[in-house]
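Each protein sequence line maps, in turn, to chains A and B. Okay, so the first sequence: first residue is 1 according to this note's numbering, each after it adds one. Okay, so the second sequence: first residue is 206 according to this note's numbering, each after it adds one. Beta carbons: idealized from backbone N, C-alpha and C, even for Gly. Working notes for the structure below.
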Amino acid sequence: MVNPARQHLPERTDRELVNAAREGNAEAFGLLVHRHQRRVYRLAVHLLKNGAEAEDVTQETFVRAYGALDRFDGRSEPFTWIYRICVNLSLNALRSRKTRSATSPDDPRIEGLLIDTHPSGASPARSSADRELGRALVEAIDQLSDTLRTTLVLVCMDGLSHAEAGVVLGCPEGTVAWRVHEARKKLRLMLSARGFEDDDIEGKA
Amino acid sequence: MTEPTPKLQRRADALLQDFPLPEPDFEALAEAIQTRVAGSVGASRDDLLDVPDLAAVPGEPSPESVRGAPPQSSFAEMARKSVQKSKSDSAEDAKELLAATAQSRRPNAAMVERVRAAGRAPASATPVPATEALIESAPRTSGVMARSSIEKTRSERGLWIGLAGGALALAAGVALLVGSADSPAPATAALLAAEKTARDQTPSAAEAQPAAERELAADSGGALSPEALAAAPVGKAPATPGKLASGGLSAARGAAALSPAPGALSANPNAVVLAEDPEQTPGDSAPAKPAPAAPADEPKLRPAQGGDDASVVTTPSAGAVSAALGSVRGGAQACLAGQTEPVTAVVTFASNGSVARVSAGGPAGACIQAALSKARIQPFARDSFSASTTIRPP
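Have a look at this one:
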């Protein structure tokens with residue numbers, strides 16, 4: 001027999017799930033976890049550059065979110081609220097590191113580039129070039145300040161709108177737009193310095 | 206004006222939008238979250254819901270300038286910024302204003318005079334164009350006074366003010382000369398007597414202040430105790446130690462001794478995740494409902510065993526737990542030799558700092574339990590404390 005309270009959970013909005021979780025519906029919170037854990041993990045990976053730490057932060061993010069359900073005021077979307085916790089935890093972890101190493105050997109992003117080296121129809125030479133570009137891009141992203149990197153990851157990699165990123169970061173949309181612009185400008189310069197010229201720039205190709 | 210968004214290489218842009226990442230076992234991750242959530246009680250007390258503490262990027266527009274209207278370089282905007290910013294920034298803004306003025310139109314005498322009058326820039330900082338004399342000689346129709354007429358008016362005004370000041374000084378000198386020959390006036394003498402009496406009967410403010418400080422120091426054994434500091438109003442707990450002002454460091458240390466740093470997470474790559482309530486297991490816990498932040502929900506504290514109270518923290522710090530687990534992690538990782546899947550272990554510390562329980566699944570569970578059981582941390586006040594950590598194959 002299906003519990004009526006559990007019916008139609010997948011169709012519920014995040015806000016409804018949060019409200020249900022507040023009332024003690026553990027499955028509602030579980031569904032929130034399933035909906036957003038992938039994005040939270042990806043965000044944490046790009047901020048922390050470490051898979052194990054990203055898993056820990058992902059786990060901790062949802063535990064803290066659950067503990068703070070009563071503090072969710074409903075003015076913003078729940079996922080921006082969860083993202084903010086993730087960003088704060090990631091920044092705390094980053095700042096408590098003794099050394100801020102560059103790319104680590106177990107960086108999942110590098111691993112991901114290796115996995116993705118054979119897209120259909122691509123020549124080995126092209127795959128190799130793409131891998132080099134990916135590695136250069138990762139290193140360029142790592143050279144950005146925490147502020148620019150966090151904003152870039154939220155907007156360009158995770159697809160948040162400027163308004164949503166503004167809610168997560170607690171700043172106006174205009175500031176987000178400026179930071180994205182600045183981050184992309186720096187990335188472009190750094191890639192150019194590494195020999196990746198603008199021959200393949202969007203719009204010309 | 207904002208430049209168009211910089212274009213990246215097409216492949217770089219594609220990578221940004223869809224970066225390939227190896228993904229962990231999200232089912233297991235969700236299960237671990239659900240397990241921890243089911244065992245958690247009490248509302249979150251940390252500041253993780255606050256705005257992330259990210260430093261502004263140099264050159265970043267101020268929130269006020271980007272809120273509402275798009276950023277644009279206008280005189281009004283620069284003037285607003287000069288009011289809002291610090292003094293050093295004001296000088297920059299003044300230069301910017303003058304540079305912008307020079308670009309848009311040649312500075313006229315009235316504008317230079319206004320800047321000088323406002324004290325925003327030294328008088329010699331803005332050279333007056335050589336052609337200004339010609340302009341000043343021409344009749345003005347805008348109502349703005351020419352430089353020469355301003356200076357003429359000023360010199361006349363200065364003459365009259367100087368004369369008046371001299372007369373006043375002369376009168377004051379005469380009055381002093383006459384007054385010194387006589388005895389003090391009765392009213393002045395009475396005031397002096399009253400002041401002397403008051404000085405004799407009560408210590409001065411300068412004497413009273415050290416006395417109060419001595420009393421405070423005596424109460425606290427010569428140094429301010431964490432309790433005394435905690436009793437004082439303290440602002441929001443800093444997110445990072447590096448953010449502490451030098452004057453607030455001891456206060457923060459005192460507060461840290463009483464409660465764990467909110468939001469603190471392990472530093473090393475093998476980070477640990479700390480749980481607030483380790484004793485409740487999923488099986489015996491109540492339905493997963495976040496309890497309100499009420500004093501009754503606070504775990505009971507018990508006195509420290511075999512030590513002074515000041516040295517025992519309520520809960521161990523994330524760094525201490527991380528270090529303890531890090532010291533035995535190698536042994537635990539050795540248990541996973543030949544395997545590919547990581548194992549999440551939950552370590553429960555007893556209040557004396559030793560490991561009370563380790564839960565780890567999989568074929569190497571017993572081996573990992575044995576390895577992690579050797580971890581040890583400083584004693585703490587709570588009954589127990591648990592932390593989860595991911596052990597990866599070597």
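Are residue i and residue j closer than 9 angstroms when you measure CB to CB?
{"i": "GLY51 (chain A)", "j": "PRO108 (chain A)", "result": "yes"}
{"i": "VAL563 (chain B)", "j": "VAL548 (chain B)", "result": "no"}
{"i": "TYR41 (chain A)", "j": "PRO229 (chain B)", "result": "yes"}
{"i": "ASN92 (chain A)", "j": "ASP255 (chain B)", "result": "no"}
{"i": "LEU17 (chain A)", "j": "LEU32 (chain A)", "result": "yes"}
{"i": "LEU133 (chain A)", "j": "ARG216 (chain B)", "result": "yes"}
{"i": "VAL153 (chain A)", "j": "SER76 (chain A)", "result": "no"}
{"i": "CYS540 (chain B)", "j": "ALA569 (chain B)", "result": "yes"}
{"i": "ALA28 (chain A)", "j": "GLN239 (chain B)", "result": "no"}
{"i": "ARG64 (chain A)", "j": "LEU253 (chain B)", "result": "yes"}
{"i": "GLN544 (chain B)", "j": "GLY567 (chain B)", "result": "yes"}
{"i": "GLY264 (chain B)", "j": "GLU182 (chain A)", "result": "yes"}
Rounded to whole angstroms, how far is the Cβ of residue i from the Cβ of residue j, which I believe are closer than 8 angstroms?
{"i": "SER90 (chain A)", "j": "LEU47 (chain A)", "result": "4 angstroms"}
{"i": "LEU113 (chain A)", "j": "PRO225 (chain B)", "result": "7 angstroms"}
{"i": "ARG179 (chain A)", "j": "LEU148 (chain A)", "result": "6 angstroms"}
{"i": "ASP142 (chain A)", "j": "LEU94 (chain A)", "result": "So it is not a contact: roughly 11 angstroms between Cβ atoms."}
{"i": "LEU169 (chain A)", "j": "THR150 (chain A)", "result": "7 angstroms"}
{"i": "GLU111 (chain A)", "j": "PRO227 (chain B)", "result": "5 angstroms"}
{"i": "ALA586 (chain B)", "j": "SER556 (chain B)", "result": "7 angstroms"}
{"i": "THR58 (chain A)", "j": "LEU234 (chain B)", "result": "6 angstroms"}
{"i": "CYS171 (chain A)", "j": "GLN222 (chain B)", "result": "Between GLN222 (chain B) and CYS171 (chain A) the Cβ distance is about 23 angstroms, and since that is not below 8 angstroms, they are no contact."}
{"i": "THR175 (chain A)", "j": "PRO266 (chain B)", "result": "7 angstroms"}
{"i": "HIS36 (chain A)", "j": "ILE82 (chain A)", "result": "6 angstroms"}
{"i": "PRO78 (chain A)", "j": "ARG22 (chain A)", "result": "With a Cβ gap of about 11 angstroms, PRO78 (chain A) and ARG22 (chain A) do not count as contacting."}
Looking at the unbroken beta strand (DSSP E) that takes in residue i, where does it start and where does it end?
{"i": "SER589 (chain B)", "result": "589-596"}
{"i": "VAL563 (chain B)", "result": "560-565"}
{"i": "PHE231 (chain B)", "result": "Counting along the chain, PHE231 (chain B) falls outside any beta strand (DSSP E), though it belongs to the alpha helix (DSSP H) covering 231-243."}
{"i": "PHE554 (chain B)", "result": "548-555"}
Can you give me the start and stop residues for the alpha helix (DSSP H) that residue i sits inside?
{"i": "ARG184 (chain A)", "result": "173-193"}
{"i": "SER527 (chain B)", "result": "523-539"}
{"i": "THR58 (chain A)", "result": "51-67"}
{"i": "PHE79 (chain A)", "result": "78-95"}
{"i": "ASP150 (chain A)", "result": "With the sequence shown as reference, residue 150 (chain A) is identified as Thr, and Asp is not the correct amino acid for it. First-last of the alpha helix (DSSP H) with THR150 (chain A): 146-152."}
{"i": "PHE29 (chain A)", "result": "26-48"}
{"i": "PRO124 (chain A)", "result": "124-143"}
{"i": "LEU169 (chain A)", "result": "162-169"}
{"i": "ARG15 (chain A)", "result": "14-22"}
{"i": "GLN222 (chain B)", "result": "215-222"}
{"i": "LEU577 (chain B)", "result": "570-577"}
Tell me which residues share the same chain as residue i and place their Cβ nearer than 7 angstroms to its Cβ, disregarding the 5 neighbours each side in the sequence.
{"i": "ALA411 (chain B)", "result": "Confidence in ALA411 (chain B) is poor, its pLDDT being 40 and thus under 50, which makes the residue's placement too unreliable to answer from."}
{"i": "PHE196 (chain A)", "result": "LEU133 and ALA136"}
{"i": "VAL517 (chain B)", "result": "ALA509, PRO584, PHE585 and ALA586"}
{"i": "SER464 (chain B)", "result": "Summary for SER464 (chain B): the model assigns pLDDT 36, below 50, so the residue's position carries little reliability, and this model does not support an answer."}
Here's a check: name, in chain order, each residue in its chain whose Cβ is nearer than 6 angstroms to the Cβ of residue i, leaving out the five neighbours to either side.
{"i": "LEU187 (chain A)", "result": "ALA140"}
{"i": "THR553 (chain B)", "result": "PRO483, ALA561, ARG562, SER589 and SER591"}
{"i": "VAL533 (chain B)", "result": "ALA576, LEU577, LYS579 and ALA580"}
{"i": "GLU164 (chain A)", "result": "THR80"}
{"i": "ALA376 (chain B)", "result": "none"}
{"i": "VAL45 (chain A)", "result": "ALA54 and PRO108"}
Report all residues from its chain with a CB closer than 8 angstroms to the CB of residue i; omit the five preceding and five following residues, and keep chain order.
{"i": "ALA237 (chain B)", "result": "THR549 and SER593"}
{"i": "SER161 (chain A)", "result": "VAL155"}
Taking Cβ-Cβ distances below 8 angstroms as the criterion, which residues of the segment 84-99 of chain A are in contact with chain B? Taking 8 angstroms as the cut-off between beta carbons, the residues of the segment 84-99 of chain A near chain B are ARG84, ILE85, VAL87, ASN88, LEU89, LEU91, ASN92, ALA93, ARG95, SER96, ARG97 and LYS98, in sequence order.
Under 8 angstroms, CB to CB, which of the residues in the segment 529-556 of chain B have a partner in chain A? PRO547
Chain B contacts from the segment 31-42 of chain A (Cβ-Cβ distance under 9 angstroms): VAL33, HIS34, GLN37, ARG38, TYR41 and ARG42
What residues in the segment 65-82 of chain A bring their beta carbon closer than 9 angstroms to a beta carbon of chain B? ALA65, TYR66, GLY67, ALA68, LEU69, ASP70, ARG71, PHE72 and TRP81
Which residues, in chain order, does the segment 574-591 of chain B contribute to contact with chain A at a C-beta distance below 7 angstroms? none
Anything in the segment 169-189 of chain A with a Cβ closer than 8 angstroms to a Cβ of chain B? List those residues in chain order, please. LEU169, GLY170, CYS171, PRO172, GLU173, GLY174, THR175, ALA177, TRP178, ARG179, VAL180, HIS181, GLU182, ARG184, LYS185, LEU187 and ARG188
What are the residues of the segment 221-247 of chain B that lie near chain A, defined by any Cβ-Cβ distance shorter than 8 angstroms? LEU221, GLN222, PHE224, PRO225, LEU226, PRO227, GLU228, PRO229, PHE231, LEU234, ALA235, ALA237, ILE238, GLN239, ARG241, VAL242, ALA243, SER245 and GLY247
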